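Let me begin by presenting the structure, written as structure tokens, before commenting on it.
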Amino acid sequence: MTAAPTIAPSRSSQTTRQHYPNFKIIVLNDDFNTFQHVSESLLEHIPGMTADRAWELTNQIHFDGQAIVWVGPQEQAELYHMQLGMEGLTMAPLEAA
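With the working numbering, the residue at position 89 of the sequence shown is 92, and numbering never jumps.
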């Protein structure tokens with residue numbers, strides 16, 4: 004009885020790139036932060052935030068109960084999430100987008 008030789012599967016020469024997931028920062032509505040404080044905190048800690056956009060997001064947080072204020076790479080998301088939390092904003096846990 005002779006055994007058939009084992010043949011290794013051929014390797015593909017194509018490279019598959021895996022992208023890291025983005026994470027979203029969600030600020031929740033609460034009863035103790037003022038509109039002004041939320042808006043100023045977004046302006047201070049979220050890159051590229053404009054005063055008008057910060058005010059729109061603040062209104063969305065108030066009326067809808069939450070708003071996604073930033074989406075991007077995990078490391079940056081963790082930093083901005085922590086900074087907004089240190090400002091006293093009520094934050095949802097980070098989640099993959």
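Ideal placement from N, C-alpha and C gives every residue a C-beta, glycine not left out. Here the structure is a predicted model, which is why all the values come from computation and not from measurement.
Only counting the same chain, and skipping five residues up and downstream in sequence, which positions put a Cβ closer than 7 Å to that of residue i?
i   : result
H84 : I28, M94 and L97
What whole-angstrom Cβ distance do residue i and residue j have, given they're in contact under 8 Å?
i   : j   : result
G91 : N36 : 6 Å
L45 : L60 : 6 Å
Does residue i come out as helix, strand or coil in the three-state DSSP assignment?
i   : result
M94 : strand
F35 : coil
A54 : helix
Below 6 Å CB to CB, which residues in the same chain sit around residue i once its five sequence neighbours on both sides are set aside?
i   : result
L31 : Q69, T93 and A95
P24 : A99
V41 : T61
- Start-end ranges of the beta strand (DSSP E) lying completely within the region 59 to 83, minimum 3 residues: Fully enclosed beta strand (DSSP E) runs of 3 or longer: 69 to 76.
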